[in-house]
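The structure appears right after this line, and notes come after that.
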Amino acid sequence: MKNNLIKFLQYPIRASPLSLLRLGSPQTVLVDFSSPNIAKPFHLGHFRATVTGNFVRNINEAMHHRVVAINYLGDWGTQFDLLARAFHQYGSWDKLNTNPMRHLQEIYVRVNQENGTSISTQSIPDSDRVSWWARVREMTIAHLEQTYSRMNVRFTVFEYESDYVDAAKRLVDRLLAAGLAMYDSDGVVVFRTSTTNDSSVPNPRISLLKSDGSTLYLTRDIAAAISRYERYHFDRIHYVVSLNKFELVLDVCNSVGHRLSRFVFQLAFLDVRTG
1 MKNNLIKFLQ YPIRASPLSL LRLGSPQTVL VDFSSPNIAK PFHLGHFRAT
51 VTGNFVRNIN EAMHHRVVAI NYLGDWGTQF DLLARAFHQY GSWDKLNTNP
101 MRHLQEIYVR VNQENGTSIS TQSIPDSDRV SWWARVREMT IAHLEQTYSR
151 MNVRFTVFEY ESDYVDAAKR LVDRLLAAGL AMYDSDGVVV FRTSTTNDSS
201 VPNPRISLLK SDGSTLYLTR DIAAAISRYE RYHFDRIHYV VSLNKFELVL
251 DVCNSVGHRL SRFVFQLAFL DVRTG
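1 is the number of the first residue of the sequence shown in the working numbering; add one for each residue after it.
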């Protein structure tokens, strides 16, 4: 029973008649799945998304499509600055090198239990912060690759949120210039969506850029979607993600001339936990 389950998870379409079929011309298909954050251990929510995404990849490969499997890692945001300052205050390089995921989780739990109140507000040098961030990302990838190897999951490319910070800022400038975004009273750049079908409900406004000029994860996701379409010219892209404000990504893309909704398929599920 156990061996059969392992085989099912590893090779969901092995020796399947699907591999004998060709439905029309081969397509370029992108599958975005797994996508954990760095500095956190791989958990059940990631397992579910990874198994589902790998299944989608295997089916499309069996249909002789060109598949690009993308693992989009969360490696950017204020939480990493907080974690970096916490580590420099009461972390241990010895513990980090011995068992990085366990030690980072210990720090993360402590920070959350204390609501960040014990963390010094004093900034650490940029060189130290970048060095720590790069080292933690490297350790996280090594941890993930071991897990993926055990699951027999392969990715074509690893992408990172940090890859799209500059592109996200350029996107915001473009939206502002086109009058599709504006500054609110707090200095935050916001975009008015058109996703609601209820005329009695005012369209929500979503934040794209903080008042200090830093990007948000949603803005980086939008920049990533546009970049992928421009690079791969895909026929389809499957996002295996939790059920969230995904339609907002498409709404902004449409506003700047990238009508991706006809190419995008979301395999959504309720979130188990953040991370």
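Built from N, CA and C at the ideal position, the CB exists for glycine as well.
CB of residue i within 8 Å of CB of residue j, strictly
i      : j      : result
Leu83  : Tyr108 : yes
Val68  : His238 : no
Ile70  : Val31  : yes
Asp75  : Ser162 : yes
Leu104 : Phe42  : no
Thr50  : Met139 : no
Val111 : Ile38  : no
Gln27  : Asp212 : no
Val153 : Asn54  : yes
Gln89  : Ile119 : yes
Tyr183 : Gly77  : no
Val240 : Thr52  : yes
Trp133 : Phe87  : no
Per-residue burial, residue i [other beta carbons within 10 Å of its own, 16 or more giving buried]
i      : result
Ser35  : buried
His46  : buried
Trp93  : exposed
Ser200 : Confidence at Ser200 is low in this model, with a pLDDT of 45, below 50, so its placement is unreliable and the value that follows should be read with caution. When all chains shown are included, Ser200 counts as exposed.
Val130 : exposed
Pro125 : exposed
Arg231 : exposed
Leu44  : exposed
Asn99  : exposed
Asn197 : With a pLDDT of only 49 at Asn197, under the threshold of 50, the placement of this residue in the model should not be trusted, and no figure is reported.
His65  : buried
Asp221 : buried
Short CB-CB distance (under 8 Å) between residue i and chain C
i     : result
Leu96 : The structure shown has no chain C; it contains just one protein chain.
First and last residue of the uninterrupted beta strand (DSSP E) at residue i
i      : result
Asn71  : 66-73
Ile59  : Ile59 -> not in any beta strand (DSSP E); alpha helix (DSSP H) instead, spanning 44-62.
Ala181 : 181-183
Phe191 : 189-192
Asp235 : Neither: Asp235 is in no beta strand (DSSP E) and is coded neither H nor E.
Ser207 : 205-209
Asp32  : 28-32
Where the alpha helix (DSSP H) containing residue i begins and where it ends
i      : result
Asp221 : 217-232
Tyr90  : 78-90
Ala168 : 165-177
Nonlocal neighbours in the same chain, by C-beta distance under 7 Å from residue i, ignoring five residues either side
i      : result
Val172 : Ala181, Val189, Leu208, Leu209, Thr219
Phe191 : Leu175, Leu180, Ala181, Arg205, Ile206, Leu208, Val252
Ser294 : Outside the displayed range of the chain (1 to 275) lies residue 294, so it cannot be described from this structure.
Thr215 : Val165, Ala168, Lys169, Leu209
Gly187 : Ser211
Tyr160 : Leu73, Asp75
His233 : Thr28
6 Å Cβ shell around residue i - same chain, five flanking residues per side excluded
i      : result
Ala223 : Tyr164, Ala167, Ala168, Leu171
Leu96  : His103
Met101 : Pro41, His143
Phe158 : Asn71
Ser185 : none
Cut-off 8 Å between Cβ atoms - residues of its own chain near residue i, not counting five sequence neighbours on either side
i      : result
Gly91  : His103, Ile107
Gly24  : none
Gln146 : none
Report task. Would you list, in sequence order, the uninterrupted beta strand (DSSP E) runs of no fewer than 3 residues that lie entirely inside the stretch 95-162? Result -> Listed in chain order, the complete beta strand (DSSP E) runs (minimum 3 residues) inside the stretch 95-162 are 157-160.
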